[in-house]
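Numbering follows the numbering used here, in which position 94 of the sequence shown is assigned residue number 391; successive positions increment by one, without gaps.
Every residue gets a Cβ at the ideal spot worked out from N, C-alpha and C, and that includes glycine.
Bear in mind that the values here come from a model prediction, so they are computed numbers and not experimental data.
One structure is given here, and the rest of the page talks about it.
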Amino acid sequence: MAYYNPLVDEEAGYYRSGSKRSLDPSYEFADSIVRQGFIRKVFGLLALQLAITAGTTAAFLFSAPVKGFVASNPWTLWTAMGLSFVLVLLLSFWDAARRQHPLNLVFLFAFTACESVLVGAASATYDTHVVLLAVGITAGVVTALALLDLTAAGGALLALLATLIIASIVQSFVHVSWLQLLISAGGALLFSVYLVFDIQLLMGSGAVSISPDEYVYAALALYLDVINLFLYVLQLLNEVSRND
């Protein structure tokens, strides 16, 4: 039988202020109402973020005035890049930015807007059919990997990420085609695994889990996983098409 718990905010996915709560996220997630509300909130935010990014990218791909404006005003990209960097730091390290409503949503969607401009500008440098293929592959990968559990592999993922960053820095100086291909493939693989890792944190079904009041941070993490996966798949497809 369903029942109402006055201490639980079903939509936000967390306990109301003034209620007793454990510091252990797994304890909070033991209540299925809390977990389901949290998951709905996160995936709702993620869907809206991806819709904004898709719309912005479409504008860059199919609207000559948009591409012309950004090409004539490069400060827009530098501004978006700077704001994106600052906002992701705030959302990652400042508790109020992640948890205080509606400040957390303002920061999240400001970051999404900036990141969407950068993704759209990057996508506009590739052939449209390559971009659409990358979208399809990314969607397929996200769907296929959603059920895996890799939450015990956090340390290995950080090591792989560090390796990828170092290889990217080297590539920026030596410009070796096979290295770029390797980086693109490695990046796509890495962020596929990160996506699985973060989904399991969200579900609370793996070795570790995320606190239910971190719904904005969870949406941010999943969004970055999907966007980075898409960009690396895009690079990989472009490298493969150039080598054919």
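Around the beta-carbon of Asp424, fewer than 16 other beta-carbon atoms lie within 10 Å, marking it exposed.
Annotation: Ala368 to Met378 spans about 15 Å, alpha carbon to alpha carbon.
The beta carbons of Thr409 and Val523 sit no closer together than 8 Å. Secondary structure at Pro362: helix, using DSSP grouped into helix, strand and coil. The C-beta of Thr350 has 16 or more other C-beta atoms within 10 Å across all chains shown, which makes the residue buried. Per DSSP, the continuous alpha helix (DSSP H) segment holding Asp392 begins and ends at Asp392 to Arg396.
With a beta-carbon spacing of about 6 Å, Phe404 and Leu388 fall inside the 8 Å limit used to define contacts. Nearest to Trp375 by alpha-carbon distance, out of Thr354, Gly365, Ala361 and Ala418, is Ala418.
Here Ile507 carries a coil assignment [DSSP, helix/strand/coil].
Per DSSP, reduced to three states, the secondary structure at Thr422 is coil, with no helix or strand assignment. In chain order, Phe408 place their CB closer than 7 Å to the CB of Val385, counting only its own chain and leaving out the 5 sequence neighbours on each side. Nearest C-alpha to Val438 among Ala355, Asp392 and Val490: Val490.
The three-state secondary structure of Asn535, taken from DSSP, is helix. For Leu342, same chain residues with a beta-carbon under 6 Å away, outside a window of 5 residues either side, are Ala516 in chain order. In the three-state scheme derived from DSSP, where H, G and I count as helix and E and B as strand, Asn370 is classed as coil. Under a 10 Å Cβ-count criterion, Ala394 is classified as buried, with 16 or more other Cβ atoms of the shown protein chains found around its own Cβ. The Cβ atoms of Asp510 and Arg396 lie closer than 8 Å to each other. Of the other Cβ atoms in all chains shown, fewer than 16 fall within 10 Å of the Cβ of Gln333; this residue is therefore exposed. With respect to Ala421, Phe357 sits close: the two C-beta atoms are nearer than 8 Å. Straight across, the Cα-Cα distance linking Val537 with Gly433 is about 16 Å. Shortest Cα-Cα distance from Thr354 to any of Asn401, Glu412 and Val331 involves Glu412. Taking the CA atoms as reference points, Val428 sits about 17 Å from Gly484.
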